[in-house]
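**Student:**
2 protein chains.
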Amino acid sequence: MDRMDMQRAHAAGPDLATVAKLLADGTRAGFCLALLDGRAWTATELARHMGVAPSTATEHLHALVRGNLLAEERQGRHRYVRLAGPHVAELIESLAAMAPDRTPAPRSLSAAGRRQALAHARTCYDHLAGTVGVAITDAMLERRLLDLEHGLGLTSAGARWLEELGITVPAGTRRPSVRSCLDWTERRPHLAGAVGAALCRHAFDTGWITPVGTTRAVAVTAPGRQALRRHLGLSDELLTQT
Amino acid sequence: MDRMDMQRAHAAGPDLATVAKLLADGTRAGFCLALLDGRAWTATELARHMGVAPSTATEHLHALVRGNLLAEERQGRHRYVRLAGPHVAELIESLAAMAPDRTPAPRSLSAAGRRQALAHARTCYDHLAGTVGVAITDAMLERRLLDLEHGLGLTSAGARWLEELGITVPAGTRRPSVRSCLDWTERRPHLAGAVGAALCRHAFDTGWITPVGTTRAVAVTAPGRQALRRHLGLSDELLTQT
DNA sequence: CGCTCGTTTCGGCCGGGGCCGAAGTGTCAC
DNA sequence: GTGACACTTCGGCCCCGGCCGAAACGAGCG
């Protein structure tokens, strides 16, 4: 039995390394981070986004799809990819929460503006993050719609509150209704999970928020500001990007 | 601006790759999986466990400690390492849940026995897994001590039940009280989080379970069988390893 | 049917990094 | 002191894998 066999023999259990390897490359990790916006991107979009040749992107995407991190959908001569599901988004988030934030200082005015818009309010896969996302979570805690008694949880008052707003949360799934997601600009936890996703969806559907350009950034609309003030007591200044 | 700079410029946000790289090697991943037992191991123990030279293990451990995945503690000429905390264990678990299980067929009778003991009952960092871990979770669901209404949660009856048993769960932390952990033998979720940890600790403290050899496997003692039958209605056959 | 453009395949280059063994450092026991 | 032992450092080997460009492929479109 040579060395390789020794190693194999001791390597029982799940094969962490092959999954981790998929995220262990800067380019592939960048793809996944980009896809955290929840949308489907084409291969060339991702290639340009990370500054690599299309051929390189193709290979990476193959690996990610084969590893079940991404799902692909082909339309004509385009190949769209998106995250394979919320579980992948959560894996990426928990990895990101542990990673050092190496966001570089903005090099241009427009880059600084983009960064500020993202820091103010953005989607994080399927829920809200940024200053606004954290503020919503804090307000819900203050009003006892959520509590921290045993980790983050929805109170019965919170359940009623959702119902009054006409927000229905898909039940019965394994997905936790409330999950705490640590985001990388605020470094503070905000509301994720099924409730976070439902709330975000509702905010889009009713026009409280609207996407900014083609990024993950969102802006709070006038009706949105009004609704958030009434339902959560959030101030206008907080909701307006300076 | 050359190609490298382009890539750097687009690589904003958390540096997923460097964290993932730590787990992207079979040997380092094996170390972490071994450390999931929650104990502290010495460098040589881990080296022998994975079949690599001590010098190799040293380098890997340095990387893992520098990356904040492991904590080290030096005692005399020994260097003990353990997982840096529950968040690391959870990261490893979520990675493992996504990884293909490449557990090889046992090559010897003793290996088969070890495997069976592990499959029956074992610790998973700080809570219980295996057939027994899943059975406890199922029984708690059936008795409405837990519910699945919005993800896995502790009911008020469950809180009372814990109190009656004299189990106190540290409150007020960010750690979720109840978390679902997918284990790699049963492929079914079982109770983790602060409650899972407290329950496991209680089971050790009161002698319901006892470690088997130096592995993660545990055996249910006679008092343990009695207690689990009385408090959760678990049958003796289920709790005895065949 | 030829042109465009998004995607894929392939060959080849090159750097990073995992591995070992040999030698060095520090700790404990006698 | 003199071993024994746990751990570390270093040099060197070698392979894996990310990158590109060139060329092929195939869907849309006039």
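Those protein sequence lines, which keep their order, are chains A and B. Using this note's numbering, you'd call the opening residue of the first sequence number 1 and step up by one each time. Using this note's numbering, you'd call the opening residue of the second sequence number 1001 and step up by one each time. Glycine included, each C-beta is placed from N, C-alpha and C at the ideal position. Only a predicted model underlies this, so the values are computations on that prediction, with no experimental measurement involved.
Once you ignore the five residues that flank Arg-179 of chain A on each side, which residues in its own chain have a CB closer than 6 Å to its CB?
**Tutor:** Once the five neighbours on either side are set aside, the close Cβ partners of Arg-179 of chain A are Ala-192 and Gly-193.
**Student:** Assign Val-1027 of chain B to buried or exposed, taking buried as 16 or more other Cβ atoms, counted over all protein chains shown, within 10 Å of its Cβ.
**Tutor:** Residue identity check: residue 1027 of chain B is Thr in the sequence provided, not Val. It counts as buried.
**Student:** Confirm, please, whether the CB-CB distance from Gly-1224 of chain B to Ile-1209 of chain B is below 8 Å.
**Tutor:** Yes, the Cβ-Cβ distance between Ile-1209 of chain B and Gly-1224 of chain B is below 8 Å.
**Student:** Using a Cβ-Cβ cut-off of less than 9 Å, give me the residues of the segment 61-95 of chain A that come near chain B, in sequence order.
**Tutor:** If the cut-off is 9 Å between Cβ atoms, the segment 61-95 of chain A has Gly-67, Asn-68, Leu-69, His-87, Val-88, Glu-90, Leu-91, Ile-92, Ser-94 and Leu-95 near chain B.
**Student:** For a cutoff of 8 Å on Cβ pairs, would you count Met-1140 of chain B as touching chain A?
**Tutor:** So, not an interface residue.
**Student:** Could you check if Gly-1213 of chain B is buried or exposed, using at least 16 other CB atoms within 10 Å of its CB as the buried criterion?
**Tutor:** Exposed.
**Student:** Check distances from the C-beta atoms of the segment 194-221 of chain A to those of chain B and list, in chain order, the residues that come in under 8 Å.
**Tutor:** Within the segment 194-221 of chain A, the residues whose Cβ lies closer than 8 Å to some Cβ of chain B are Ala-194 and Val-195, listed in chain order.
**Student:** Go through its chain and collect everything with a Cβ distance to Arg-1003 of chain B's Cβ below 7 Å, but skip five positions before and after it.
**Tutor:** Note on Arg-1003 of chain B: pLDDT 38, under 50, position unreliable in the model; the coordinate value appears next. Excluding sequence neighbours, Arg-1003 of chain B sits near nothing in its chain.
**Student:** Any idea which residues DSSP pairs Ile-209 of chain A with across the strands?
**Tutor:** DSSP output for Ile-209 of chain A lists A:Val-220 as bridge partner(s).
**Student:** Can you confirm whether Thr-1044 of chain B, when its beta carbon is compared against all beta carbons of chain A, has any partner nearer than 8 Å?
**Tutor:** No, because no Cβ of chain A sits closer than 8 Å to the Cβ of Thr-1044 of chain B.
**Student:** Around the C-beta of Met-1 of chain A, are 16 or more other C-beta atoms found within 10 angstroms, so that it is buried, or is it exposed?
**Tutor:** Its pLDDT being 36, under 50, Met-1 of chain A is placed unreliably by the model, and the measurement read from it follows with that caveat. That one is exposed.
**Student:** Give the single residue among A:Arg-230, A:Val-169 and A:Ala-135 whose Cα lies nearest to the Cα of Glu-186 of chain A.
**Tutor:** Minimum Cα distance to Glu-186 of chain A is reached at A:Ala-135.
**Student:** Rounded to whole angstroms, what is the Cα-Cα separation between Gly-196 of chain A and Trp-1161 of chain B?
**Tutor:** Those two C-alpha atoms are separated by around 30 Å.
**Student:** If Ala-1217 of chain B and Leu-1118 of chain B are in contact, beta carbons under 8 Å, what's the gap, nearest whole angstrom?
**Tutor:** That belief holds up - the Cβ atoms of Ala-1217 of chain B and Leu-1118 of chain B are roughly 5 Å apart, short of 8 Å.
**Student:** From this set, B:Ala-1219, B:His-1078 and B:Gln-1226, which residue's C-alpha is nearest Ala-1121 of chain B's C-alpha?
**Tutor:** Considering only alpha carbons, the answer is B:Ala-1219.
**Student:** Just checking: is the beta-carbon of Trp-161 of chain A within a distance shorter than 8 Å of some beta-carbon in chain B?
**Tutor:** With 8 Å as the cut-off, Trp-161 of chain A does not count as an interface residue toward chain B.
**Student:** Under 8 Å between beta-carbons, which chain A residues line up against Trp-961 of chain B? List them in chain order, please.
**Tutor:** This structure gives no information on residue 961 of chain B, because the portion of chain B shown stretches from 1001 to 1242.
**Student:** With DSSP collapsed to three states, give me the class of Glu-90 of chain A.
**Tutor:** Looking at Glu-90 of chain A - three-state DSSP - the assignment turns out to be helix.
**Student:** Near Thr-1221 of chain B, what residues of its chain come up, given a Cβ to Cβ distance below 7 Å and the 5 sequence neighbours on each side ignored?
**Tutor:** For Thr-1221 of chain B, where only same-chain residues beyond five positions count, the Cβ hits under 7 Å are Gly-1207, Trp-1208, Ile-1209 and Thr-1210.
**Student:** May I ask you to report which of helix, strand or coil DSSP gives Asp-1257 of chain B?
**Tutor:** The question about residue 1257 of chain B has no answer here: the residues shown for chain B are numbered 1001 through 1242.
**Student:** Starting from Ser-110 of chain A and walking both ways along the alpha helix (DSSP H), at which residues does that stretch end?
**Tutor:** Element bounds for Ser-110 of chain A: 109-120.
**Student:** Find the residues of chain B that neighbour Val-19 of chain A, judging by a C-beta separation of less than 7 Å, and give them in chain order.
**Tutor:** What Val-19 of chain A touches in chain B: Leu-1095, Met-1098 and Ala-1099.
**Student:** Using the beta-carbon of each residue, which ones in chain A are nearer than 7 Å to Asp-1025 of chain B?
**Tutor:** Correct list: Ala-17.
**Student:** Using a Cβ-Cβ distance under 8 Å, would Leu-1239 of chain B count as near chain A?
**Tutor:** Answer no: the Cβ-Cβ gap between Leu-1239 of chain B and chain A never drops below 8 Å.
**Student:** Let me check one thing: in DSSP terms, what residues is Val-1081 of chain B bridge-paired to?
**Tutor:** According to DSSP, Val-1081 of chain B bridges with B:Trp-1041 and B:Glu-1072.
**Student:** Measure the CB-CB distance between Ala-157 of chain A and Arg-144 of chain A and report whether it falls below 8 Å.
**Tutor:** Cβ atoms of Ala-157 of chain A and Arg-144 of chain A: closer than 8 Å.
**Student:** List, in chain order, every chain A residue whose beta-carbon is nearer than 7 Å to that of Ala-1029 of chain B.
**Tutor:** Going along chain A in sequence order, the residues near Ala-1029 of chain B (Cβ under 7 Å) are Leu-16, Ala-17 and Ala-20.
**Student:** Is it buried or exposed, Leu-91 of chain A, if we count other Cβ atoms within 10 angstroms and call 16 or more buried?
**Tutor:** Leu-91 of chain A is buried by the Cβ-count criterion.
**Student:** Name, please, each residue of chain B whose Cβ falls closer than 7 Å to the Cβ of Leu-33 of chain A.
**Tutor:** Under the 7 Å cutoff, chain B gives Gly-1013 and Leu-1016.
**Student:** Applying the criterion that 16 or more other CB atoms from any shown protein chain within 10 Å of the CB defines a buried residue, is Pro-1054 of chain B buried or exposed?
**Tutor:** Classification for Pro-1054 of chain B: exposed.
**Student:** If you run the structure through DSSP and keep just helix, strand and coil, what is Leu-35 of chain A?
**Tutor:** Three-state result, Leu-35 of chain A: helix.
**Student:** State the DSSP-derived secondary structure class of Asp-1147 of chain B, mapped to helix, strand or coil.
**Tutor:** Note: Asp-1147 of chain B maps to strand in three-state DSSP.
**Student:** How would you call Pro-189 of chain A, buried or exposed, if buried means at least 16 neighbouring beta carbons within 10 angstroms?
**Tutor:** Result: buried.
**Student:** Looking only at C-alpha atoms, which of B:Pro-1086, B:Phe-1031 and B:Val-1081 sits nearest to Tyr-1125 of chain B?
**Tutor:** Looking at the Cα atoms, B:Pro-1086 is the closest of the given residues.
**Student:** Should Leu-148 of chain A and Leu-1095 of chain B be called a contact, given that it needs their Cβ atoms to be closer than 8 Å?
**Tutor:** No, Cβ-Cβ distance for Leu-148 of chain A and Leu-1095 of chain B is not below 8 Å.
**Student:** Can you have a look at Asp-1236 of chain B and say buried or exposed, based on whether 16 or more other CB atoms are within 10 angstroms of its CB?
**Tutor:** Its Cβ having fewer than 16 others within 10 Å, Asp-1236 of chain B is exposed.
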